[in-house]
Amino acid sequence: MNKLSLLSILIFAFGCGNNTQSGFENEEPISSAPIATSKIIMTDTLFIVALGKNMSEMKFNKKVIRVPSEKNITIALTNQSTDATLPHNIVFIEKGHANDVGQGGLSHKNNAYVNPDDKNVIAHSPLAQIGETVYLSFETPEAGEYEFICSYPGHWGIMKGVFITE
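Read in the working numbering, the sequence shown has 515 at position 133, and its numbers run on one by one without any break.
The following block contains the structure:
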């Protein structure tokens, strides 16, 4: 056997011995006790796209959004419209109140056309301009069937869908 190979094997064998010292001064042993943490909040991100070249073609890419109830989620809404007059948002609302929420938001331009005092609104995103992605994080309501709309004036009758929590 080559002397260099034998020397390498011996160095390796002695180097891998049962040495309990790591070579670091003042090193404290690692505890196996659980670490106390504050409540961890897990979120899922759903990607929604607003589509359409004009008012008659505008729509969300999903007609139904199904999520677990009472869970933190994040919505990423991307406006892929090609018409500069088509900003969009997404508003989660109590079922059957799309017209009320849409009409009620008309005088709230500075709040993405959503009345901040409307009890039928669960959560809403800011307005997304063309090519922009906006984010909305919220806790989903108890199990049930709700709706989602775009509350921009004239959009809520067309841009809508079903929001199911289970």
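Glycine residues also receive a C-beta, built at the ideal position from the N, C-alpha and C atoms.
What you are looking at is a predicted structure, and each value in this text was computed from that prediction instead of being measured.
| Check | Outcome |
| --- | --- |
| Would you mind sorting F545 into buried or exposed? The rule is 16 or more other CB atoms within 10 Å of its CB. | buried |
| Whole-angstrom Cβ separation of L433 and N471, contact assumed at under 8 Å? | About 14 Å; that fails the 8 Å criterion. |
| Applying the criterion that 16 or more other CB atoms from any shown protein chain within 10 Å of the CB defines a buried residue, is P450 buried or exposed? | exposed |
| Using the beta-carbon count (16 or more within 10 Å), is E548 buried or exposed? | exposed |
| Would you call the region 503-517 in contact with the region 454-466, where contact means no fewer than 3 C-beta pairs closer than 8 Å? | yes |
| So, with DSSP's three-state summary, where would you put A458? | strand |
| Leaving out the 5 sequence neighbours to the left and right, which residues in its chain are closer than 7 Å to K444 when beta-carbon positions are compared? | I430, G543 |
| With A458 and E529 assumed to form a contact (beta carbons below 8 Å), what rounded beta-carbon distance in angstroms separates them? | 20 Å between Cβ atoms; not a contact. |
| Under the DSSP definition of a beta bridge, which residues are partnered with D426? | I455 |
| Mind checking who V446 pairs with in its DSSP beta bridge? | V544 |
| Which residues in the same chain as N497 place their Cβ atom closer than 7 Å to its Cβ, once the five residues preceding and following it in sequence are excluded? | G486, G487, H490 |
| Using a Cβ-Cβ cutoff of less than 8 Å, which residues in the same chain neighbour G536 once the five nearest sequence positions on both sides are dropped? | M437 |
| Would a C-beta distance cut-off of 8 Å place E524 and K453 closer than the cut-off? | no |
| Cα separation between E476 and C532? | 14 Å |
| Please report the residue range of the beta strand (DSSP E) in which V513 lies. | The question names Val, yet the displayed sequence has Gly at residue 513. Looking at the DSSP string, G513 is not in any beta strand (DSSP E), and its letter there is neither H nor E. |
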